[in-house]
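Student: Residue 575 in the numbering used here sits at position 199 of the sequence shown, with consecutive numbering throughout. We put the beta carbon where it would ideally sit given N, CA and C, even for glycine. Sharing a structure below in C-alpha cells format, with a few things to ask.
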Amino acid sequence: MPRAMRIRRFVVLGVLIGLFQTSGAVLAAPPTADENSIEDVIRKIQAAYEKTIDWKAGFQQITRIEGFETPITSRGRLYIKKPDKLRWDYSEPNRHQIVVNAQKIWIYTPEQNQVIVSLFSDVSDSQLPLHLLSGVGRLDQDFTVQWADPEKPQPPGAPALILIPKDPRTGLTRLRMEVDPGSYFITRLALFEANGNESSFQFTQIGHDTGLKDRFFVFTPPKGVVVVEAPRMRP
Numbered sequence: 377m378p379r380a381m382r383i384r385r386f387v388v389l390g391v392l393i394g395l396f397q398t399s400g401a402v403l404a405a406p407p408t409a410d411e412n413s414i415e416d417v418i419r420k421i422q423a424a425y426e427k428t429i430d431w432k433a434g435f436q437q438i439t440r441i442e443g444f445e446t447p448i449t450s451r452g453r454l455y456i457k458k459p460d461k462l463r464w465d466y467s468e469p470n471r472h473q474i475v476v477n478a479q480k481i482w483i484y485t486p487e488q489n490q491v492i493v494s495l496f497s498d499v500s501d502s503q504l505p506l507h508l509l510s511g512v513g514r515l516d517q518d519f520t521v522q523w524a525d526p527e528k529p530q531p532p533g534a535p536a537l538i539l540i541p542k543d544p545r546t547g548l549t550r551l552r553m554e555v556d557p558g559s560y561f562i563t564r565l566a567l568f569e570a571n572g573n574e575s576s577f578q579f580t581q582i583g584h585d586t587g588l589k590d591r592f593f594v595f596t597p598p599k600g601v602v603v604v605e606a607p608r609m610r611p
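Now the structure itself:
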C-alpha cells in the first residue's frame, strides 16, 4: 500500500487515540436538556473514550482511489491502549501489521520480508495526529463538527457527524463518523481526501477494558526479516 495512504490512516488512529486522551474540558460542559443536540453527542462520545483503558474491534476498510474504478477492501483487527499504543493487524487481502508504541512505528509486510521503523513525527504530514497522540486533541478543538444531514431531524438511532479539520495541512476535506447510540463508541469512520481518495472503516465486535498487555504493542521482528530504519525528516 502506498506510503501516503498509510499516512492518512494514522489520522484515523490519531482521532481514536485523541478521544481516549481528552483533557476533560468537553466533559465539564454543562449538560444540555436536548439529548439530541450536537454538543451532547460530542460530550457523550468523549466521555465514552475518557473512561476506557483499552479498546479493540474487527474492521473492514474500503479505499477508493481517484482514477481507479474498483475499490480496495481490507479486513483485520484493531487494538488501542492508553495512552499511546495501537496495533492494526491486516488479514485480507494481504497480511501486514502496523504497530505504534509511544512515538515509534513499525510497518511490517511479510510478503516483502521487511519491517520499516519510523518515528511518528516523521511519517505524519500534519500536526493533527501528534496533537491527538499527546492528549491535547479534542473533537471540538481540532474539528468543526456538524450533523451529517442537518436538513433532517436526528433519529434515535446511531448519530452521524461530519468533522471538518481546522488544520488544512491534514489533506482531508472532512470525516464522517457514526457512533453506537448505546455506548457512543465509533462504529463507522470515513475519510475524504482533497485529492479525491476516500477511505471508510466499519468497526464490529467492539470490546473495551479487556486487559491488553503492554507487550502486545511491542513489535519483535521474526527471524530473517529485514529491518529498515526510515530516514529522519529534516526540521
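#1: Which value, in whole angstroms, describes the spacing of the CA atoms of Asp585 and Trp431?
#2: Helix or strand or just coil, what does DSSP make of Tyr425?
#3: Is the beta carbon of Val602 sitting closer than 8 Å to the one on Asn489?
#4: Going straight from the alpha carbon of Pro526 to that of Thr546, what length do you get?
#5: Could you give the DSSP three-state label for Arg453: helix, strand or coil?
#6: Could you check whether Trp464 and Lys448 sit closer than 8 Å to each other, using their CB atoms as the reference points?
#7: Please list the terminal residues of the continuous alpha helix (DSSP H) segment that includes Asp518.
#8: Would you tell me roughly how many angstroms separate the C-alpha atoms of Phe577 and Leu537, rounded to the nearest one?
#9: Does DSSP put Ile354 in a helix, a strand or coil?
#10: Out of Ser413, Glu442 and Leu515, state which residue places its alpha-carbon closest to the alpha-carbon of Glu367.
Tutor: Reading it off the structure:
#1: Your numbering for residue 585 matches position 209 in the sequence shown. Your numbering for residue 431 matches position 55 in the sequence shown. Spanning the two alpha carbons is a distance of roughly 6 Å.
#2: As a working note, residue 425 is residue 49 in the sequence shown. Assigned with DSSP and collapsed to three states, Tyr425 falls in helix.
#3: The residue you call residue 602 lines up with position 226 of the sequence shown. The residue you call residue 489 lines up with position 113 of the sequence shown. The answer is yes: Cβ separation under 8 Å.
#4: By one-based count along the sequence shown, residue 526 stands at place 150. By one-based count along the sequence shown, residue 546 stands at place 170. Annotation: Pro526 to Thr546 spans about 25 Å, alpha carbon to alpha carbon.
#5: Sequence index remark: in the sequence shown, residue 453 carries index 77 (1-based). Under the three-state reduction of DSSP output, Arg453 falls in the strand class.
#6: What you label residue 448 is simply residue 72 of the sequence shown in a count that begins at 1. What you label residue 464 is simply residue 88 of the sequence shown in a count that begins at 1. According to the sequence provided, residue 448 is Ile. The question's Lys does not apply to it. Not closer than 8 Å, so no.
#7: Here residue 518 refers to the residue found at position 142 when the sequence shown is read from its first residue. Note, Asp518: alpha helix (DSSP H), Leu515 to Asp518.
#8: Start at 1 with the first residue of the sequence shown, and residue 577 comes out as number 201. Start at 1 with the first residue of the sequence shown, and residue 537 comes out as number 161. Looking at the backbone, the Cα of Phe577 and that of Leu537 are separated by about 15 Å.
#9: Residue numbering for the chain in the displayed model covers 377 to 611; residue 354 lies beyond these limits and cannot be assessed.
#10: Nothing can be reported for residue 367: it is not among the residues displayed for the chain, which extend from 377 to 611.
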